[in-house]
Amino acid sequence: MNISSFDQWLPSEVEKSLTERLLQVQTGLTRRRARCFVRLWVYLMLKQQKQLIQQSIEALEPISGTVPCTHREAAELFYADTERGSDRAAGMMIDQLVKAGLVEKNFDGNTLVLRLRTVPELLQPSPTPLTVAAQPDDFNPRIDTIPVANCIAQSYSWLTQDMATTAYKITKVLRKWARDYPTGMRVLRRQDNQQPIGFYMLFPVASVSEEKFFHPPSSSLHLSTVSDDDPMTLATPGDPDCLAVFVRSWKINPQYANQETVLQFLDDSKATLKRMREDFPNLCDLYALPIHPSDEDLASVLGFQKTVQDPHSFLYWIYMALDQFLELDLEQAIAPLALHPDQGEL
Numbered sequence: 009m010n011i012s013s014f015d016q017w018l019p020s021e022v023e024k025s026l027t028e029r030l031l032q033v034q035t036g037l038t039r040r041r042a043r044c045f046v047r048l049w050v051y052l053m054l055k056q057q058k059q060l061i062q063q064s065i066e067a068l069e070p071i072s073g074t075v076p077c078t079h080r081e082a083a084e085l086f087y088a089d090t091e092r093g094s095d096r097a098a099g100m101m102i103d104q105l106v107k108a109g110l111v112e113k114n115f116d117g118n119t120l121v122l123r124l125r126t127v128p129e130l131l132q133p134s135p136t137p138l139t140v141a142a143q144p145d146d147f148n149p150r151i152d153t154i155p156v157a158n159c160i161a162q163s164y165s166w167l168t169q170d171m172a173t174t175a176y177k178i179t180k181v182l183r184k185w186a187r188d189y190p191t192g193m194r195v196l197r198r199q200d201n202q203q204p205i206g207f208y209m210l211f212p213v214a215s216v217s218e219e220k221f222f223h224p225p226s227s228s229l230h231l232s233t234v235s236d237d238d239p240m241t242l243a244t245p246g247d248p249d250c251l252a253v254f255v256r257s258w259k260i261n262p263q264y265a266n267q268e269t270v271l272q273f274l275d276d277s278k279a280t281l282k283r284m285r286e287d288f289p290n291l292c293d294l295y296a297l298p299i300h301p302s303d304e305d306l307a308s309v310l311g312f313q314k315t316v317q318d319p320h321s322f323l324y325w326i327y328m329a330l331d332q333f334l335e336l337d338l339e340q341a342i343a344p345l346a347l348h349p350d351q352g353e354l
């Protein structure tokens, strides 16, 4: 098949949806690697069929056996939307996918042949988002801690494989935050069964910890570590030296994420930040740490800027002036965001 016409079989929205779904279930992937794997799967699937389908792809099919694929083919496939990458770069990308356990490679004589691991979550079309009535509410540690902890833990799936320990650690941290500063903790609650389908924590940072935002972000991870010591110190209400808010979590369950729920929860975040200014009158900085690659699009349309890249991981700090966020027309800002059931966190 002609790789130059590849995109007619894999529309950008389908590619994006499959990439986001892969990021939700596969640990250790960057967005670039996930996208390359999706494109490789579709290409090898079409190549194995030996005849082109008549309509675009909505879901993937298992690939049986091995399929030949040169580094030149992979380079054209992986770097079609950017300055053309080299055959060597494509080979290194395939090696990364091998390390992630998604691809096996062998040489059949002089030909590179690939076998792809089937990811069941990619075999079905994207699920239809659930539409339910929901309302922002205060976080209630007695009823919200366990469901919220399990939801947040999914965001750390690419950083740790011990999800049970991570979820348990998060339950302890949530209850401590609720004792120390409940004002910054809110949920998006279903009105029919009162279950939380979204959560955020806006954490006022004491001046002694501000320097952390200028150092590698991996040193400020807390929810996914074994230590009970929080690298960030919570400010005491009334502290005039508290200038920064750390968005420690902002997430809506993927199946409920749509323009309406995201806008609703962002509006509530604005209201909470305004209340926090009553406790900390000099607040002016807003920092976040995108834990999962699917966070990037929402942060970008809101206007967050990348500041410090971690030298040992794919983590990085992002920043936005608080005044700019409070003045933002949120409905207009998120309009370009094609939300589907795999987005909705920051």
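The sequence shown begins at 9 in our numbering and counts up by one.
Backbone N, C-alpha and C define an ideal beta-carbon position, used for all residues, glycine too.
Just so you know, these numbers come straight off a predicted model, no measurement behind them.
Name the one or two DSSP bridge partners that S257 has.
Here S257 is bridged, per DSSP, to M209.
Secondary structure of N158, DSSP reduced to three states
Correct three-state label for N158: helix.
When the Cα atoms are used, what is the spatial distance from L162 to Q32?
The displayed chain sequence assigns Gln, not Leu, to residue 162. If I take the Cα positions, the gap works out to 7 angstroms.
Give a yes or no on contact between the segment 238–253 and the segment 279–289, applying the rule of three or more CB pairs nearer than 8 angstroms.
Output reads yes: the segment 279–289 touches the segment 238–253.
Name the one or two DSSP bridge partners that K314 has.
Per DSSP, I326.
State the DSSP-derived secondary structure class of L274, mapped to helix, strand or coil.
Three-state result, L274: helix.
Per DSSP, what kind of secondary structure is R187 in: helix, strand or coil?
Here R187 sits in helix by DSSP.
Under 8 angstroms, Cβ to Cβ, is there at least one residue of chain D near L130?
Any reference to chain D falls outside this structure, which holds one protein chain only.
Classification of D188 by the beta-carbon crowding that lies within 10 angstroms, buried from 16 upward:
Result: exposed.
Based on the DSSP output, what are the partners of F115 in its beta bridges?
In DSSP, F115 forms a bridge with L120.
Starting from D145, follow the beta strand (DSSP E) in both directions and report where the run begins and ends.
From DSSP, the beta strand (DSSP E) with D145 extends over A142 to D146.
Since L381 contacts L124 with CB under 8 angstroms, what's their CB separation in whole angstroms?
Outside the shown range of the chain (9 to 354) lies residue 381, about which nothing can therefore be said.
Could you give the distance in angstroms between the alpha-carbon of Q34 and the alpha-carbon of S308?
Going by the C-alpha atoms only, they are around 23 angstroms apart.
Helix, strand or coil: how does DSSP classify P149 here?
Three-state result, P149: helix.
Which of the three DSSP states, helix, strand or coil, is assigned to V195?
Strand, per DSSP.
Comparing C-alpha positions only, which one of H79, A142 and V127 sits nearest to N118?
When only C-alpha atoms are compared, the closest one is H79.
Neighbourhood of A243 by C-beta distance below 7 angstroms, restricted to the same chain and skipping five residues each side:
Residues P212, V213, A214, C250 and F288 of the same chain have their beta carbon placed closer than 7 angstroms to that of A243, with the five preceding and five following residues left out of the count.
Taking all protein chains shown into account, decide if C44 is buried (16 or more other Cβ within 10 angstroms of its Cβ) or exposed.
A residue is called buried once 16 or more other Cβ atoms fall within 10 Å of its Cβ, and C44 is buried on that count.
DSSP on V127, reduced to helix/strand/coil?
Coil.
Alpha carbon of E339 to alpha carbon of L30, nearest angstrom:
Answer to the nearest angstrom: the Cα atoms are 28 angstroms apart.
Three-pair Cβ contact test at 8 angstroms for the segment 189–201 versus the segment 309–328:
Not touching, per the Cβ criterion.
Verify the contact flag: M101, CB atom, against every heavy atom of the ligand PLP, threshold strictly below 7 angstroms.
This structure lacks the ligand PLP, and indeed carries no ligand of any kind.
Residues of its chain near L105, where Cβ-Cβ distance is below 6 angstroms and the 5 sequence neighbours each way are ignored
Residues F45 and V111 of the same chain have their beta carbon placed closer than 6 angstroms to that of L105, with the five preceding and five following residues left out of the count.
Would L18 pass as a contact of S72 if the rule is Cβ separation under 8 angstroms?
The Cβ atoms of L18 and S72 do not sit closer than 8 angstroms to each other.
Buried or exposed (CB count within 10 angstroms, at least 16 for buried), I205:
Counting of Cβ neighbours within 10 angstroms places I205 among the buried residues, the total reaching 16 or more.
Would you kindly report the start and end of the unbroken beta strand (DSSP E) that includes Y295?
Taken as a continuous stretch (DSSP letters only), the beta strand (DSSP E) holding Y295 covers D293 to A296.
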